[in-house]
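Structure record follows, encoded as structure tokens.
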Amino acid sequence: MVGGAMWRPRHLTCYSLSQRAREAAQPALGHPRAMLWAAPGAGDWGLSNWVHVLTGLPSPFAREQIAIQEENFVRKEDYETVVKKLEKEEDEHSKTKTLLAKEAEKLQFALGEIEVLSKQLEREKQIFEKALSNVKSKALRESTKKDKLISKCNEIESHIMKQEDLLNDKENEIKELQQFITKQKQTLKTQVSDLKIQKQQESYIAQVLKKKQKKGLK
Numbered sequence: 043m044v045g046g047a048m049w050r051p052r053h054l055t056c057y058s059l060s061q062r063a064r065e066a067a068q069p070a071l072g073h074p075r076a077m078l079w080a081a082p083g084a085g086d087w088g089l090s091n092w093v094h095v096l097t098g099l100p101s102p103f104a105r106e107q108i109a110i111q112e113e114n115f116v117r118k119e120d121y122e123t124v125v126k127k128l129e130k131e132e133d134e135h136s137k138t139k140t141l142l143a144k145e146a147e148k149l150q151f152a153l154g155e156i157e158v159l160s161k162q163l164e165r166e167k168q169i170f171e172k173a174l175s176n177v178k179s180k181a182l183r184e185s186t187k188k189d190k191l192i193s194k195c196n197e198i199e200s201h202i203m204k205q206e207d208l209l210n211d212k213e214n215e216i217k218e219l220q221q222f223i224t225k226q227k228q229t230l231k232t233q234v235s236d237l238k239i240q241k242q243q244e245s246y247i248a249q250v251l252k253k254k255q256k257k258g259l260k
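To convert, note that position 202 of the sequence shown is 244 in our numbering; the numbers rise steadily by one, no gaps.
Printed below as a string of structure tokens:
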């Protein structure tokens, strides 16, 4: 098949040389003299050509025609070889076309699957992006809350440190007071002891004086 039409040879039958000569001479054999002098262009064709025709031998003109036909002749074996080759190519082309059709069907099916998967992936992507946005928003809220808590904790810590400083000051004052009280107690204790001694001394002196007075009265 070439260009959509079956290729055909220019000549399918091979004639022998004598058959070609007889065919070329056939018009003149019926009326040789009339054909010799009355045929159009007979004068130009030449007497020798007509002699060859009448004798059954191929004339120069006939030989020229035979040579032209032989140039255009294609052998049957060559023709059949070409036909078989074309048929084989046709068969291979048909197989290739069938294979391409199957592959095209597979490709179409694969494209359909890809489209379905793409839509599914797009839906999952949207769900993921929405979830991620919610998580980010929640994280931002938690972060803000955390920052507020940290700030509050810092305030409380600062207040506690101030209270600790005040407590330390109070403790120092208390220690100083305790030391002062201890000293006062010691002083009072010493004073009480001194007073006792003094009283004892005064009592002793009074007793001595009293005894002396009694002796003086006697």
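Note that CB positions come from ideal geometry on N, CA and C, so glycine has one too. The structure presented is a predicted model; accordingly, all values stated were derived computationally and were not measured.
Just so you know, the alpha carbons of LEU141 and GLU171 end up roughly 44 Å apart. Within the model, the alpha-carbon separation for GLU166 versus GLU155 is close to 16 Å. In the three-state reduction of the DSSP assignment, ARG117 falls in the coil class. A direct Cα-to-Cα measurement between LEU209 and GLN226 gives close to 25 Å. GLN233 and VAL250 have their C-alpha atoms roughly 25 Å apart.
As the crow flies, the alpha-carbon of CYS195 is around 10 Å from that of LYS188.
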